[in-house]
Amino acid sequence: MINLIGLTREEIAHELEINTAIDIPQRQLRMRANQLWHWIYVRGGRNFDGMTTIAKEVRSALEPAFSLGRPEIVTQQISNDGTRKWLLRLASSVPGRPGPEVEAVYIPEETRGTLCVSSQVGCTLTCSFCHTGTQRLVRNLSPGEIVAQLLVAKDALEEWPDPASKQTRLITNVVLMGMGEPLYNFDNVKQAIHTMSDDAGLSISKRRITLSTSGVVPMIERCGNEIGSMLAISLHAVNDEIRNQLVPINKKYPLSQLLDACKNYPGVSNSRRITFEYVMLKGINDSLADAKELVRLLKGIPAKINLIPFNPWPGSPYECSDWETIENFAEVVYKAGYASPVRTPRGRDIMAACGQLKSASMKLSVNQRRALEKASANS
Ligand code: SAH
Ligand code: SF4
1 MINLIGLTRE
11 EIAHELEINT
21 AIDIPQRQLR
31 MRANQLWHWI
41 YVRGGRNFDG
51 MTTIAKEVRS
61 ALEPAFSLGR
71 PEIVTQQISN
81 DGTRKWLLRL
91 ASSVPGRPGP
101 EVEAVYIPEE
111 TRGTLCVSSQ
121 VGCTLTCSFC
131 HTGTQRLVRN
141 LSPGEIVAQL
151 LVAKDALEEW
161 PDPASKQTRL
171 ITNVVLMGMG
181 EPLYNFDNVK
191 QAIHTMSDDA
201 GLSISKRRIT
211 LSTSGVVPMI
221 ERCGNEIGSM
231 LAISLHAVND
241 EIRNQLVPIN
251 KKYPLSQLLD
261 ACKNYPGVSN
271 SRRITFEYVM
281 LKGINDSLAD
291 AKELVRLLKG
301 IPAKINLIPF
311 NPWPGSPYEC
321 SDWETIENFA
331 EVVYKAGYAS
341 PVRTPRGRDI
351 MAACGQLKSA
361 SMKLSVNQRR
371 ALEKASANS
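Residue numbering for the sequence shown follows our numbering, starting at 1 and increasing by one per position.
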């Protein structure tokens, strides 16, 4: 059975055309594909029977041929701050073996709700502070598997519009900051982002979709031209020596090349800034000199800076910087004109934070917890 989720309209029309059990005249293919698109992405349809604008005999022919199946929800955890984390089992590509698992996280805030999705199972890169980096790459996610994370979240939050009510949106933003390196799964990520941003469907504006990369320099320009989402760069260090240790892809594409690609990112402007993520690691990258160098390096690039308190995991070789150090670092960044630089930790109690996905985490020390609570209160 062919799953229609994640297919383009053209691909849906093609599937309808080649299926001999469904007799749709050539001139109606495009219209039927559009109707299906509407039911799948606007109404959240999960079976064909309920698609009342489609002729009954067509519906009953679709039912045995196609599916709208989502990945299986293995667990759903809800944090005391409202953050939700889903562990999802994808379809298996090896007969007899259970499918691989990925996670998606929903983070509600006062003015927006952000869904963090995965683009690969595991990662080929080996950033030394990231738990995903210790897991080998199992496989790329298909466009459908990326989009389905949004559908599952909308199902669980009951966000599908009831045509009778004018409901506000819960998921306003999507970030590709879960497992995997999105620019190493370029074509599938591109198709998924086009589907998520389609005006006649899920309609999450590309300005509200952020792709985070560790710095796959040759793909950055294509990302701007062909995907057109917002961009986040996992910078984490201000010189090649430290960045080589933290983000080993830096050995291939060093800082100077990465920053050049950012300066030339298609569409970058003061209203479309690049986010630079910077994980705070005690004694590694958190000095005042580092903060000043960070500000100097980013001069001339329309940028936001996101300082991320390090999330420890079992066996991780680093510690999170002390709160005072983070505060002093943030002060330098703030004085240079960057607003609210520290990312509020969310969903800690269910281990929903960056780099903790699909891992059992170490408990935070009392001091770390206090520091983080203070960080949340202050930001
Ligand atoms: N592979 C992409 C996107 C996924 S990681 C990338 O590296 O950008 C999303 C963000 O979480 C990245 O900035 C990553 O560096 C950060 N991250 C990973 N592990 C972390 C950890 N243990 N603590 C804090 N941030 C972490
Ligand atoms: Fe992969 Fe990103 Fe983790 Fe690096 S930080 S190992 S690129 S998921």
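All C-beta atoms in this analysis are idealised placements derived from N, C-alpha and C, irrespective of residue type, glycine included.
Cβ pair residue i, residue j closer than 8 Å
i      : j      : result
Val117 : Leu150 : yes
Met280 : Pro309 : yes
Tyr334 : Lys304 : no
Val216 : Glu181 : yes
Ser79  : Asp286 : no
Leu68  : Leu4   : yes
Leu141 : Asn173 : no
Ile24  : Glu15  : no
Gly122 : Met177 : no
Pro98  : Arg112 : no
Ala61  : Ala91  : no
Arg139 : Ser205 : no
Reference residue i; option with closest CA among the options
i      : options                           : result
Leu259 : Thr111, Lys282, His14 and Glu221  : Glu221
Ala153 : Arg27, Ile12 and Arg70            : Arg70
Ser128 : Asp162, Tyr318 and Arg9           : Tyr318
Arg272 : Ile284, Ala61, Arg207 and Arg139  : Arg207
Pro100 : Ile73, Thr344 and Thr111          : Ile73
Val175 : Ala200, Pro218, Asp199 and Ala232 : Ala232
Pro266 : Leu90, Asn239, Ile301 and Glu331  : Ile301
Thr53  : Trp39, Ser92, Leu62 and Thr111    : Trp39
Thr344 : Gln35, Asp81, Glu57 and Phe66     : Asp81
Val147 : Leu235, Leu202, His236 and Ile274 : Leu202
Val295 : Ala336, Thr195 and Trp37          : Ala336
Ile284 : His236, Met351 and Ile274         : His236
Ile274 : Lys252, Ser234 and Tyr253         : Ser234
Whole-angstrom distance between residue j and residue i, CA atom to CA atom
i      : j      : result
Glu373 : Glu109 : Because Glu373 sits at a pLDDT of 49, beneath the cut-off of 50, its placement in the model cannot be relied upon, and the following sentence gives the value as read from the coordinates. Their backbone Cα atoms lie some 16 Å apart in a straight line.
Thr114 : Tyr184 : 23 Å
Met51  : Pro143 : 23 Å
Asp155 : Gly44  : 8 Å
Arg388 : Ile227 : Because the chain here runs from 1 to 379, residue 388 falls outside it and cannot be looked at.
Leu255 : Thr134 : 23 Å
Gln120 : Leu137 : 7 Å
Glu277 : Arg346 : 16 Å
Arg369 : Pro312 : Bear in mind that a pLDDT of 42 at Arg369, under 50, signals an unreliable position, so the model cannot answer this.
Leu157 : Leu170 : 8 Å
Thr126 : Cys320 : 19 Å
Ala13  : Asn270 : 40 Å
Lys282 : Asp322 : 7 Å
Leu297 : Cys262 : 11 Å
Ser197 : Trp160 : 16 Å
Trp86  : Thr75  : 6 Å
Asn328 : Ile209 : 30 Å
Arg59  : Asn34  : 14 Å
Lys292 : Gln245 : 21 Å
Ile326 : Phe66  : 52 Å
Ser229 : Leu211 : 7 Å
Gly224 : Ile193 : 12 Å
Gln257 : Asn250 : 9 Å
Val332 : Val268 : 24 Å
Glu63  : Trp37  : 15 Å
Lys252 : Phe186 : 18 Å
Buried/exposed call for residue i, threshold 16 Cβ in 10 Å
i      : result
Ser214 : buried
Arg32  : buried
Ser316 : buried
Ala104 : buried
Gln26  : exposed
Val288 : One point to set straight first is that residue 288 is Leu, not Val, in the sequence displayed. The residue in question, Leu288, is exposed, as its Cβ has fewer than 16 Cβ neighbours within 10 Å.
Ile107 : buried
Val421 : For residue 421 there is no data in the structure shown, the boundaries of the chain being 1 and 379.
Ile18  : exposed
Glu10  : exposed
Ile49  : Per the sequence shown, the amino acid found at residue 49 is Asp instead of Ile. Exposed, by the Cβ-count rule.
Asn306 : buried
Ala330 : buried
Asp199 : exposed
Val366 : The predicted model places Val366 with a pLDDT of 41, which falls under 50 and marks its position as unreliable; any figure quoted below should be read in that light. With fewer than 16 other Cβ atoms within 10 Å, it is exposed.
Thr124 : exposed
Val238 : buried
Lys190 : buried
Glu57  : exposed
Asp162 : exposed
Thr195 : buried
Glu324 : exposed
Residue-chain proximity (residue i, chain D), Cβ-Cβ < 8 Å
i      : result
Asp199 : Among the chains of the structure shown, chain D does not appear; only one protein chain is present.
Please specify which runs of the beta strand (DSSP E), each continuous and at least 3 residues long, are wholly inside the stretch 49-132, giving them in chain order.
For the stretch 49-132, whole beta strand (DSSP E) runs of length 3 or above, ordered along the chain, are 72-78, 84-89, 101-108 and 113-116.
Within the stretch 208-253, ranges of the beta strand (DSSP E) (whole runs, at least 3 residues):
209-213 and 230-234
For the stretch 169-206, list the alpha helix (DSSP H) runs that are entirely contained and at least 4 residues long, ordered along the chain.
Annotation: the stretch 169-206 contains the following complete segments of the alpha helix (DSSP H) (minimum length 4 residues), in chain order: 186-197.
Alpha helix (DSSP H) runs wholly inside the stretch 308-356, at least 4 long, in chain order:
323-335
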